[in-house]
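Input: a single structure, listed below in structure tokens.
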Amino acid sequence: MRMAALDRDSLPEALEPKHVQEILGIGRSQTYELFNKPPFHVVKIGRIYKVSKITFFKWLDGEQGN
């Protein structure tokens with residue numbers, strides 16, 4: 016998935032690291048670094064990280080900080 020071809024509506028409401036990795040075009044290590052010190056609200060359920068799609072895209076679009 017590339018940003019140019021990204022259809023935000025097709026993504027789940029709660030994004031996982033794999034989604035963020037594909038959206039940003041970064042590696043797995045960088046993705047988990049971002050989730051460990053996130054500039055947006057992240058929920059960790061067991062070993063799984065989740066971020067609201069709305070929250071993530073507001074951050075990505077520069078509409079809000081943490």
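Residue numbers (the numbering used here): 16 to 81.
No residue lacks a Cβ here, since even glycine has one placed at the ideal position from N, Cα and C.
Burial state of residue i (16 or more Cβ within 10 Å)
i: Q45; result: exposed
i: I38; result: buried
i: L49; result: buried
i: V58; result: exposed
For residue i, the first and last residue of its enclosing beta strand (DSSP E)
i: I60; result: V58 to I60
Residue i, enclosing alpha helix (DSSP H) - first and last residue
i: S25; result: No alpha helix (DSSP H) contains S25, which DSSP labels as neither H nor E.
i: K52; result: Premise fails: K52 is in no alpha helix (DSSP H) and is neither H nor E.
Distance between beta carbons of residue j and residue i, contact taken as under 8 Å
i: E31; j: I69; result: With 8 Å as the limit, E31 and I69 do not qualify as a contact, their Cβ atoms being about 15 Å apart.
i: L26; j: H34; result: 6 Å
Counterpart residues of residue i in DSSP-defined beta bridges
i: K65; result: V58
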